[in-house]
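Below is one structure; the comments refer to it alone.
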Amino acid sequence: MRGKEKSHQRLIHRLESLCHPIGKSVAKRINRDLSSMEAGASGHCRHTPIPNPLQGVGRGCGGGRGTCRPPALPQIFTLLLLLLALSLLGGACGKKMAPLSPDEVLPGPVREFRLSQEGDSLVLSWLFPKEDQLGRLLTRIQGFRLERAEVKGVQPAPAAPTQFLTVADIDLAYTKVGLVRGESVLYQDRDLRPDRRYYYRAAGYDTDRYRGTWSPVLTHAWGLLPRGPRDLKAAPGDKQVRLAWAPVSQFQDGSPLRDLAGYLIYRRSGSSGWLRVTPKPVVQTDFQDVAVLNDVEYTYTVRAVRQVGGDLIESHDSPLQIAMPEDRTPPPPLLNLVVVPTDRGLEARWDPSPAADLAGYRVYRREAGEPTFARLTPQLLTRPYLVDSRVVKGKTYYYYVTAVDDSRRANESLPSEEAAAAY
Numbered sequence: 000m001r002g003k004e005k006s007h008q009r010l011i012h013r014l015e016s017l018c019h020p021i022g023k024s025v026a027k028r029i030n031r032d033l034s035s036m037e038a039g040a041s042g043h044c045r046h047t048p049i050p051n052p053l054q055g056v057g058r059g060c061g062g063g064r065g066t067c068r069p070p071a072l073p074q075i076f077t078l079l080l081l082l083l084a085l086s087l088l089g090g091a092c093g094k095k096m097a098p099l100s101p102d103e104v105l106p107g108p109v110r111e112f113r114l115s116q117e118g119d120s121l122v123l124s125w126l127f128p129k130e131d132q133l134g135r136l137l138t139r140i141q142g143f144r145l146e147r148a149e150v151k152g153v154q155p156a157p158a159a160p161t162q163f164l165t166v167a168d169i170d171l172a173y174t175k176v177g178l179v180r181g182e183s184v185l186y187q188d189r190d191l192r193p194d195r196r197y198y199y200r201a202a203g204y205d206t207d208r209y210r211g212t213w214s215p216v217l218t219h220a221w222g223l224l225p226r227g228p229r230d231l232k233a234a235p236g237d238k239q240v241r242l243a244w245a246p247v248s249q250f251q252d253g254s255p256l257r258d259l260a261g262y263l264i265y266r267r268s269g270s271s272g273w274l275r276v277t278p279k280p281v282v283q284t285d286f287q288d289v290a291v292l293n294d295v296e297y298t299y300t301v302r303a304v305r306q307v308g309g310d311l312i313e314s315h316d317s318p319l320q321i322a323m324p325e326d327r328t329p330p331p332p333l334l335n336l337v338v339v340p341t342d343r344g345l346e347a348r349w350d351p352s353p354a355a356d357l358a359g360y361r362v363y364r365r366e367a368g369e370p371t372f373a374r375l376t377p378q379l380l381t382r383p384y385l386v387d388s389r390v391v392k393g394k395t396y397y398y399y400v401t402a403v404d405d406s407r408r409a410n411e412s413l414p415s416e417e418a419a420a421a422y
């Protein structure tokens, strides 16, 4: 009997712990009924009505004083079933929580969420979150959910919309949409309509597909694309490239374009990505790029641009052009060349070149009676003097010197003034 009493007391305690007022009421009635049953079993019955939890208080004791009819068993069972229902529905007091395991921790926000326009699509990109919602290292993630809201008109609203629809579900186990490379995710949205503004947000989800924290909302207007520029030309110079192209006056579909904002120039070198050279659109149809290095090959493209709702809508790329700037400016001519005989031969000296890109010097010589000069030094000299030991006594020799820069073209200066000496 003691075991049953303990079981009953545990049930009563569970009812009393529920927040719902019915649970507390049922607990009191069960406790009262059990006390009546125990009193009846011991022969000490109080004349106490037996409560019916569903119909209020009824008549429980009959006969005379001192006799008692204990509560019927079905009534106790009804109370116990009600206990079970309340325990399943009631839960604990306090804030209502999502149906998650207590040990479950959802992904934190994605990193570096970005939105840009590329051709006929809006491109969303982000990096995997590193932390969960508790700020701890994220150990598992199953995929990402990208949602979009579409609003008629291109001007940004004071607040982001509240009604979003899923535009992409990127499951990392079987990626059907988007592009995943390492911890980088990219998605191109091409289902776009002109004169609309689009809002996007992204979040990761766990293996049970419970969503983590939303990213900030990003927005971009959409409209018709201008036609791409044509006839792009690139002329290299010394540390510069000059570009020119034909003006754009039409949309991509051939209709007249009247709200052109200008042009954006893009450049890349080697295997690096595209770099926008002009922070803002330029209105003219030519551009001189002076932020380049000589002897480096660059590739260029130009895009026509509209401004729609405060956002830039860029055309497709113009044809690509390649240019390699090169140093075409030689050092200045050398000064004060002097040639004197010595016991080792004829010694030539001159003033050092002031050129910052100097690579060295060349010396040219001819004998008296010879029509042309010949280069006397196969290799560049690094110092401004030379002793010519290949001379014959009694002969006169004529000299001039030049400076050479360190460019790929090896630009050579004009000859210095001639100097002559007899040996």
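Just so you know, numbering that gives the first Met the number 0 puts 74 at position 75 of the sequence shown, and the rest follows in order with no gaps. Each residue gets a CB set at the ideal place from its N, CA and C atoms; glycine is no exception.
Boundaries of the beta strand (DSSP E) in which residue i is found, first to last residue
{"i": "R147", "result": "G142 to K151"}
{"i": "V276", "result": "Where V276 is concerned, there is no enclosing beta strand (DSSP E), given that its DSSP letter is neither H nor E."}
{"i": "G236", "result": "K232 to G236"}
{"i": "Q116", "result": "R110 to E117"}
{"i": "Y198", "result": "R195 to Y204"}
{"i": "R139", "result": "Unbroken run through R139: none, as it is neither H nor E."}
{"i": "L126", "result": "S120 to L126"}
{"i": "F286", "result": "D285 to D288"}
Cut-off 6 Å between Cβ atoms - residues of its own chain near residue i, not counting five sequence neighbours on either side
{"i": "F372", "result": "Y363 and R365"}
{"i": "G90", "result": "For G90, the predicted model reports a pLDDT of 46, less than 50, meaning its position is unreliable; a value from the coordinates is still stated below. Here the set comprises nothing."}
{"i": "V386", "result": "R343, G344 and E346"}
{"i": "P246", "result": "T284"}
{"i": "R229", "result": "A245"}
{"i": "L231", "result": "W244, V301, S317, P318 and Q320"}
{"i": "P235", "result": "A322, M323 and P324"}
{"i": "W213", "result": "R200 and A202"}
{"i": "L178", "result": "L185"}
Counted within 10 angstroms of its Cβ, other Cβ atoms place residue i as buried (16 or more) or exposed
{"i": "G152", "result": "exposed"}
{"i": "I321", "result": "exposed"}
{"i": "A402", "result": "buried"}
{"i": "T300", "result": "buried"}
{"i": "Y398", "result": "buried"}
{"i": "W273", "result": "exposed"}
{"i": "V339", "result": "exposed"}
{"i": "Y396", "result": "buried"}
{"i": "Y384", "result": "exposed"}
{"i": "P370", "result": "exposed"}
{"i": "D237", "result": "exposed"}
{"i": "D252", "result": "exposed"}
{"i": "P377", "result": "exposed"}
{"i": "A419", "result": "exposed"}
{"i": "Y297", "result": "buried"}
{"i": "V391", "result": "exposed"}
{"i": "D131", "result": "buried"}
Cβ-based neighbour list, residue i, same chain, cut-off 7 Å, excluding 5 preceding and 5 following
{"i": "D404", "result": "D326, P329, P330, A354, D356, L357, A358 and N410"}
{"i": "S115", "result": "V122"}
{"i": "R408", "result": "E325, D326 and R327"}
{"i": "L413", "result": "P332"}
{"i": "P193", "result": "W221, G222 and L223"}
{"i": "P280", "result": "A260, G261, Y262, L263 and V304"}
Any chain B beta carbon closer than 8 Å to residue i
{"i": "Y422", "result": "Chain labels in this structure do not include chain B; a single protein chain is all it has."}
Spatial neighbours of residue i in its chain, beta-carbon cut-off 8 Å, leaving aside the 5 residues before and after
{"i": "D285", "result": "R241, L242, A243 and W244"}
{"i": "R195", "result": "E149, V150, K151, G152, V153, A220 and W221"}
{"i": "F250", "result": "L223, L224, P225, R226 and L256"}
{"i": "V176", "result": "A167, D168, I169 and Y186"}
{"i": "R135", "result": "V104"}
Any non-hydrogen atom of the ligand FAD within 7 Å of residue i CB
{"i": "G152", "result": "Ligands displayed in this structure: none; no statement on the ligand FAD is therefore possible."}
Could you name each continuous beta strand (DSSP E) segment of 3 residues or more that falls completely within the segment 296-381, going from the start of the chain to the end? Runs found: 297-307, 310-313, 320-322, 337-341, 344-348 and 357-366.
Any 3 or more C-beta pairs closer than 8 Å across the segment 207-219 and the segment 261-271: No contact exists between the segment 207-219 and the segment 261-271.
Any 3 or more C-beta pairs closer than 8 Å across the segment 303-312 and the segment 248-261: With a cut-off of 8 Å, the segment 248-261 and the segment 303-312 count as touching, because enough Cβ pairs lie within range.
Do the segment 117-137 and the segment 178-189 meet, that is, are 3 or more Cβ pairs less than 8 Å apart? Yes: at least three Cβ pairs fall under 8 Å.
Below 8 Å, can you find three or more Cβ-Cβ pairs linking the segment 194-212 to the segment 133-149? Yes, since at least three Cβ pairs between the segment 194-212 and the segment 133-149 fall closer than 8 Å, the two stretches touch.
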